[in-house]
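Chains as they are written, first to last, in the working numbering: chain A, 742 to 799; chain B, 68 to 300. Even glycine gets a Cβ: it sits at the ideal position worked out from N, Cα and C.
Laid out in structure tokens, this is it:
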């Protein structure tokens, strides 16, 4: 495994934790916090997928 | 037991969908329609829903797939009418979590049975040829199951929220967000697992990081913004 693979895994974990926080905030009617954590989760997921993809030949 | 299953498999798809349909009706529609103080419209619509299911079984033999479609829509619309006529029955305090989960499973099974082709009975012996078992073209690499298990676990944990929210709109929003986030996590975990098997080129790490740089920068900015707000509060 390369460094980028570990980074991708870490980003998926970060996304899961962010969604967890976002849902928790949404349940407690803290909409701004929920929005923040959900956006962080989406960006982290997208970044994880981009990092995980193997590099193309130059 | 085997006879019942064989008989059921000999029937059409609408008949097979009746079993989970009646279960879903029994868990989610009947308690609402026959609750104390429910309207006549709800009761009539709930009975119509059952009749639509039965009509699908009878009509499938004569009209085939068309009867199945009418039966499906008739059942779903009659159930929706029942729920619309008894909105109080779905107040969060009157629905407990096990019943909610049982209802979700029932409707999921009904959707699956309605959409999938009918199960066939046991095949005739002479049409089965004994041969070497087929070899998979590619074996699964160890660790893929771990990625998928992690994705499924994270998605499952997200479903624990929102069962005791007082407002129905917020409860629905929490459910919807939880489902969407769960699907996203499972999808991303699958992509990360599959990406490990693709061919690699030399010195790929910097190229991969460069491609995701704008997202990583956005993530960093979001993190800093969050820290700033946390310290200000």
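Note to self: If the cut-off is 7 Å on Cβ atoms, which residues from the segment 210-224 of chain B count as contacting chain A, listed in chain order?
What the structure shows: 221, 224
Requested in this report: For residue 764 of chain A, decide whether its Cβ has a neighbour in chain C, counting only Cβ atoms nearer than 8 Å.
Outcome: No chain C is part of this structure, whose protein chains are labelled A and B.
* Asked: Near residue 286 of chain B, what residues of its chain come up, given a Cβ to Cβ distance below 6 Å and the 5 sequence neighbours on each side ignored?
  -> Looking up residue 286 of chain B in the second chain gives position 219. Nothing meets the Cβ criterion.
(message) residue 230 of chain B and residue 164 of chain B - do their beta-carbons sit closer together than 8 Å?
(response) For this step, residue 164 of chain B is matched to residue 97 along the second chain. For this step, residue 230 of chain B is matched to residue 163 along the second chain. Against a cut-off of 8 Å, the Cβ pair of residue 230 of chain B and residue 164 of chain B comes out as a contact.
Notebook entry, point to check: Under 7 Å Cβ-Cβ, which residues of chain B neighbour residue 776 of chain A?
Noted result: As a working note, residue 776 of chain A is residue 35 in the first chain. Within 7 Å Cβ-Cβ: nothing; residue 776 of chain A doesn't reach chain B, min ~10 Å.
Original post:
Quick one, which of B:130, B:181, B:279 has its alpha-carbon nearest residue 752 of chain A's?
Top reply: Against the first chain, residue 752 of chain A aligns to sequence position 11. When each option's Cα is compared against that of residue 752 of chain A, the closest is B:279.
On the criterion of 16 or more Cβ atoms from any shown chain inside 10 Å, does residue 223 of chain B qualify as buried, or is it exposed? Translated into the one-based positions of the second chain, residue 223 of chain B becomes position 156. Taking all protein chains in view, the Cβ of residue 223 of chain B is surrounded by fewer than 16 other Cβ atoms within 10 Å, so the residue is classified as exposed.
If I follow the unbroken alpha helix (DSSP H) through residue 97 of chain B, where does it start and stop?
Position 30 of the second chain, counted from the start, is the residue given in the question as residue 97 of chain B. Here the alpha helix (DSSP H) through residue 97 of chain B covers 97-100.
### Query
In this structure, does DSSP put residue 774 of chain A in helix, strand or coil?
Counting from one through the first chain, the residue named residue 774 of chain A turns up at place 33. Looking at residue 774 of chain A - three-state DSSP - the assignment turns out to be helix.
Just tell me which of B:154, B:121, B:128, B:152 has its CA closest to the CA of residue 138 of chain B. Along the second chain, read from residue 1 onward, the residue named residue 138 of chain B stands at position 71. Residue 138 of chain B has its Cα closest to that of B:121, out of B:154, B:121, B:128, B:152.
Can you check which of these residues, B:284, B:256, B:299, B:131, is closest to residue 210 of chain B by C-alpha distance? The residue given as residue 210 of chain B occupies position 143 in the second chain. Comparing Cα-Cα distances from residue 210 of chain B to each of B:284, B:256, B:299, B:131, the minimum goes to B:256.
Task: the segment 778-787 of chain A / the segment 117-137 of chain B touching (three or more Cβ pairs under 8 Å) - done: Taking 8 Å as the limit for Cβ pairs, the verdict is that the segment 117-137 of chain B does not touch the segment 778-787 of chain A.
**Asked** Considering only residues of the same chain and omitting the five flanking positions on each side of residue 142 of chain B, which have a CB-CB separation below 7 Å?
**Response** Translated into positions along the second chain, residue 142 of chain B becomes position 75. Contacts found: 88, 116, 119, 120.
Between which two residues does the alpha helix (DSSP H) carrying residue 296 of chain B extend? As a first step, residue 296 of chain B is located in the second chain; it is residue number 229 there, counting from the start. Residues 280-299.
Requested in this report: Could you check the C-alpha separation between residue 227 of chain B and residue 200 of chain B for me, to the nearest Å?
Outcome: As a working note, residue 227 of chain B is residue 160 in the second chain. As a working note, residue 200 of chain B is residue 133 in the second chain. Each residue's Cα considered, the two are about 42 Å apart.
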